[in-house]
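Student:
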Amino acid sequence: MTDTRTETTDITRRQFLGSAALFGGTAAGLVSGRASDLPAECAPNAYQLADSTNMLHTVCLQCNTGCGIRVKLQDGVAVKIEGSPYSPWTLVPPIDYRTPLADAALVEGALCPKGQAGVQTAYDPYRIVKVLKRAGPRGANEWTAIPFEQAVREIVDGGTLFRNVKGKETRRVTGLRELWALKDAKLAAEMSTAVEEIRTQKSAREKQEAVEAFKARFKDHLHLLIDPEHPDLGPKNNQVSFVWDRLKGGRAEFIKRFISESFGSINAHGHTTVCQGSLYFTGEAMSDQFVEGRLTGGKKFYWQADTANVEFLLAIGSSYIEGGYGPTHHARKLMGNLVEDKVKIAVVDPRFSKIAAKAWMWVPAKPGTEAALALGMIRWIIDEQRYDRKFLSAANKAGAKAVGEQSWTNAAWLVKEDGSFLRASEAGVGQKETRTTADGKK
Ligand code: SF4
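Under our numbering, the sequence shown has 77 at position 77, and the numbering climbs by one with no breaks.
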């Protein structure tokens, strides 16, 4: 982002509020002025931490919410982290992305305590900032610090890297240079296709014959494979594996580019947690469309509850104040509406969480009984007819349009014991439907 330091002729409401937050009551005189009209001792640049050249705009990685942050530097040292005013996660609404940095410097976004504690994480005296090489047997917790250049050299070239470790003096480690065996992308694609042909064979004898045919066809390149008798293991390149936990914001893409697209290993594997998976897959199911007789095409995305406009929030096992992607933007929206009595919150959680403390009702259900609770709620809603009949009647986009709804739901669809939806013909209330798919199949 370029700091153009544009002179603005009119101070915006946000700039005024930002200035007010920074300078307290003395900012009242700014109403009709410009940032550059400030008295010299109050001018933004006079205070190091209000000078945009001492600010880094980046992303918080203290949790997976990934809030936009601004790190304030004093003499090159990070001393304060606050929410970026450009980020919808930390300021609602955010300032215009085109706002010059010098003007934005006077506006602060919100940040959760964990995000603010990023300074401690960055300067944690126990943080490992050097490459540590094992100096003893595995598990002995014996290490030696080595220069970064040495680490790169040893990882790339390999060799007898543990000559100082008893019993490992002659152990030879294979380096990346040697493992980068198959470099011809065309050959790699041909081998991959041939391996698929082996996989499609049914019997063990047919598979063995396919392996022999593979070996004969690629006889000049078998030394590039991990095991020529098992071509499905792929080239030696696959012996390099990068397994990561949560890498967002483009970092996973860089790793895939290096490990897979450049180095040629198939083993670039991301990993995530059950909670994130449930968010993804729920979002995917929510956005599925009914196409050619089945629900499909949903997007795994960070679908979020509309906490700014919700009137009744039922939080089951999640706490929008302590977490839930994340406290920065959900908590502030909910808190404002709670104070104004615009939202009612019910919390199902065995813990008396922070959001439970603010809730209209706390249901400390025992872990594992949530499904029974949900079924009980459904029973009550049906018995008391407390459902929205018009909305439930909209089973698809066309149905929603017909009844004037913005969206639709499959909540009223009946599900068979095998998990598939009951069709009208099976219930005896309609003809069996035959559709022609896009490729002409019935
Ligand atoms: S919710 Fe807090 S810890 Fe998580 S990314 Fe945002 S500021 Fe950082």
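For every residue, glycine included, the Cβ atom is placed at its ideal position computed from N, Cα and C.
1. For the ligand SF4, is there a heavy atom less than 6 Å away from the beta-carbon of P327?
2. Compute the minimum distance between the beta carbon of T409 and the heavy atoms of the ligand SF4, and state whether it is under 6 Å.
3. My output table needs one value for R294: the three-state DSSP class, helix, strand or coil.
4. Is any heavy atom of the ligand SF4 found at a distance shorter than 6 Å from the C-beta of T307?
5. According to DSSP, simplified to helix, strand and coil, what is Q74?
6. Starting from K366 and walking both ways along the alpha helix (DSSP H), at which residues does that stretch end?
7. Report the start-end ranges of each beta strand (DSSP E) in the region 220 to 293 that is 3 residues or longer and not cut off at the edges.
8. Helix, strand or coil for R379 per DSSP?
9. When burial is assigned at 16 or more other CB atoms within 10 Å of the CB, is R70 buried or exposed?
10. Based on Cα-Cα distance, which residue from V211, S84 and E417 lies nearest to G66?
11. Could you tell me which uninterrupted beta strand (DSSP E) segments, each at least 3 residues in length, are contained entirely in the region 325 to 361, listed from first to last along the chain?
12. My guess is that T90 and G68 are in contact by the Cβ rule of under 8 Å, so how many angstroms apart are they, rounded?
13. As a quick exercise: from D288, F312 and D232, pick the residue whose alpha carbon is nearest that of A346.
14. Kindly indicate the opening and closing residues of the alpha helix (DSSP H) around R98.
15. Is the region 250 to 267 in contact with the region 176 to 188, if contact means three or more CB pairs nearer than 8 Å?
16. Tell me which same chain residues have a C-beta within less than 8 Å of the C-beta of V429, skipping the five on either side of it?
17. Between the Cα of A468 and the Cα atoms of A372, E206 and F421, which residue gives the shortest distance?
18. If you measure between the beta carbons of G445 and Q304, is that distance less than 7 Å?
19. Leaving aside the five residues before and after K114 along the sequence, list all residues of the same chain whose C-beta is less than 6 Å from its C-beta, in chain order.
20. For P88, tell me which candidate among T409, A110 and A424 has the shortest Cα-Cα distance.
21. Which residues share a DSSP beta bridge with G430?
22. State yes or no: is the C-beta of G115 nearer than 6 Å to some heavy atom of the ligand SF4?
23. Does DSSP put F218 in a helix, in a strand, or in coil?
24. Mind reading off the beta-carbon distance from K80 to L49? Whole number of angstroms is fine, and I expect it under 8 Å.
25. Compare the C-alpha of T144 against each of S260, I198 and A135 and name the closest.
26. Which stretch, first to last residue, makes up the beta strand (DSSP E) that contains L132?
27. K166 by DSSP, collapsed to three states: which one?
28. Between P228, K72 and N64, which lies nearest to H57 when the distance is taken from Cα to Cα?
Tutor: This is what the structure holds:
1. yes
2. no
3. strand
4. no
5. strand
6. Counting along the chain, K366 falls outside any alpha helix (DSSP H), and DSSP gives it neither H nor E.
7. 289 to 291
8. helix
9. buried
10. S84
11. 344 to 348
12. 6 Å
13. F312
14. Counting along the chain, R98 falls outside any alpha helix (DSSP H), and DSSP gives it neither H nor E.
15. yes
16. none
17. A question about residue 468 goes unanswered here, because the residues of the chain that appear run from 1 up to 442.
18. The shown model of the chain, from 1 to 442, leaves out residue 445, and the question about it has no answer.
19. Q62
20. A110
21. In DSSP, G430 forms no bridge with anything.
22. yes
23. coil
24. 6 Å
25. A135
26. V131 to R134
27. coil
28. K72
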